[in-house]
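Enquirer: Pasting a structure here, questions to come.
There are 2 protein chains.
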Amino acid sequence: MNASTRLTIALHILTLLASNPEETVTSEYIAGSVNTNPVVIRRLLGLLRTAGLVVSQSGIGGGWRLTGPPDSITLLAVRRAVNEGSPFNMHHQQPNPSCPVGRHIQNALVEVYARAERALEAELAGATVGQLLESVQSRHRDAGESNKG
Amino acid sequence: MNASTRLTIALHILTLLASNPEETVTSEYIAGSVNTNPVVIRRLLGLLRTAGLVVSQSGIGGGWRLTGPPDSITLLAVRRAVNEGSPFNMHHQQPNPSCPVGRHIQNALVEVYARAERALEAELAGATVGQLLESVQSRHRDAGESNKG
DNA sequence: CTAATCTGTAACAGTGGATGTTACGGAATG
DNA sequence: CATTCCGTAACATCCACTGTTACAGATTAG
């Protein structure tokens, strides 16, 4: 395994909330669109709420809503909200410090890895949930579809 | 877990081979520097050989060598050699196709994810094992160290 | 030719993160 | 007070990754 599906599912959730700006949406409804268990959705929504991206309401008529306009939510903010880790990992065991390469390779790698991750994050910072919704709606129009759910 | 340590260890191995250009190095010796089991090293070296980055020799005096100059080996080539996957993953289960968001979200995400991964790969393509070796040796000099192993 | 060295790889155990599921308490509504 | 929905603990699976043992094959020294 390399990456989790948390970012993907969180973006699915947020796009769905963005497409229903007037209503609260329940975790069960969202789970129906994502095709998974409602608890999985609530766990992710909990992370998104901690990040201030959504609010919840208990009881009848309750559910979830975005706290702000979809265009204000960057994919980078979502990535951080769901605790996606770095695409790079260091050794599990510390390398041998009596070998020059073993002693210094991690410090050398940290710099390169940081540059690469910054480049990735810069791309994610340039995209928003609003753009995702646009993209989805555009594809929906192009296909001449009419389902909703 | 998010990423494996394969890229890190492969780069450790290649930097070690680059620092011993005159000799063949055994998997056992490398394992001593990485601080793991020789079979783990051989597995990775097998992938690196498939990618044409190293060659091996059996028997007494055998071991491993680089096939080319360290400056010709980009971190991107190594990343691909060790089969590191994408930093992004789609849903495990297909989303609900009767929901517009469920039907189109993956196509929308593929584009953004591809842009982000290209940015990451561009950074990795700009760094080489030769630069890593330089970085390690520079740190070694700065620390006034003299160990070797 | 034989012993020693080292690769190549199969096989298996253990670990840990991620996901899916059930269960149930708490909050809000009518 | 019954219903709805969140919040979260608890547990079961699953699966990639890592570590380890074992052994066959290749190569070389003597």
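For the record, the sequence lines run as chains D and G.
The first sequence begins at 705 in this note's numbering and counts up one residue at a time.
The second sequence begins at 705 in this note's numbering and counts up one residue at a time.
Glycine included, each C-beta is placed from N, C-alpha and C at the ideal position.
1. Can you give me, in chain order, the residues of the stretch 710-730 of chain D that have a beta carbon less than 7 Å from any beta carbon in chain G?
2. Which residues in the same chain as residue 740 of chain D place their Cβ atom closer than 8 Å to its Cβ, once the five residues preceding and following it in sequence are excluded?
3. Measure the C-alpha to C-alpha separation of residue 904 of chain D and residue 728 of chain D and round it to an integer number of angstroms.
4. Just the Cα atoms here: how many angstroms apart are residue 733 of chain D and residue 721 of chain D?
5. Here's the rule: buried if 16 or more other CB atoms are within 10 angstroms of the residue's CB, otherwise exposed. What is residue 762 of chain D?
6. Assign residue 786 of chain G to one of three DSSP states: helix, strand, or coil.
7. Does any residue of chain G have a CB that is nearer than 8 Å to the CB of residue 746 of chain D?
8. Runs of 4 residues minimum, wholly inside the stretch 754-801 of chain G: which ones carry the alpha helix (DSSP H) assignment?
9. Would you give the residue range spanned by the alpha helix (DSSP H) that residue 805 of chain G belongs to?
10. What's the call for residue 860 of chain D, buried or exposed, on a 16-neighbour Cβ count within 10 Å?
11. Compare the C-beta of residue 767 of chain G with all C-beta atoms of chain D and state if any pair is closer than 8 Å.
12. Using only alpha-carbon positions, find the residue among G:844, G:823, G:806, G:772 that is nearest to residue 840 of chain D.
13. Taking all protein chains shown into account, decide if residue 817 of chain G is buried (16 or more other Cβ within 10 angstroms of its Cβ) or exposed.
14. Do you know offhand how far residue 853 of chain D's Cα is from residue 786 of chain D's?
15. Is the beta carbon of residue 795 of chain D less than 8 Å from the beta carbon of residue 709 of chain G?
16. Taking the alpha-carbon positions, what's the residue 782 of chain D to residue 823 of chain G distance?
17. Kindly indicate which three-state DSSP category residue 712 of chain D falls into: helix, strand or coil?
18. Leaving out five residues on either side along the sequence, give the residues of the same chain with a beta carbon under 7 Å from the beta carbon of residue 801 of chain D.
19. Using only the alpha-carbon positions, how far apart do residue 780 of chain D and residue 827 of chain D sit?
20. Which whole-angstrom value describes the C-beta separation of residue 844 of chain G and residue 804 of chain D, a residue pair presumed to lie in contact below a C-beta threshold of 8 Å?
21. Any beta carbon from chain G within less than 8 Å of residue 843 of chain D's own beta carbon?
22. Contact criterion: CB-CB distance below 8 Å. Does residue 773 of chain G meet it with respect to chain D?
23. Identify, in the order they occur along the chain, each residue of the same chain with its Cβ nearer than 8 Å to the Cβ of residue 790 of chain G, setting aside the five sequence neighbours on each side.
24. Which bits of chain G does residue 779 of chain D rub up against, with CB to CB less than 7 Å?
25. Does the CB of residue 737 of chain D have a neighbour CB from chain G at under 8 Å?
26. With DSSP as the reference, label residue 832 of chain D as helix, strand or coil.
Expert: This is what the structure gives:
1. 711, 712, 713, 715, 716, 719, 720, 723
2. 713
3. Not covered by the structure: residue 904 of chain D. The range shown for chain D is 705 to 853.
4. 11 Å
5. exposed
6. coil
7. no
8. 779-785
9. 804-829
10. What is shown of chain D runs 705 to 853, which leaves residue 860 of chain D out entirely.
11. no
12. G:806
13. buried
14. Its pLDDT being 44, under 50, residue 853 of chain D is placed unreliably by the model, and nothing is read from it.
15. yes
16. 19 Å
17. helix
18. 807
19. 8 Å
20. 5 Å
21. yes
22. no
23. 817, 821
24. 816
25. yes
26. strand
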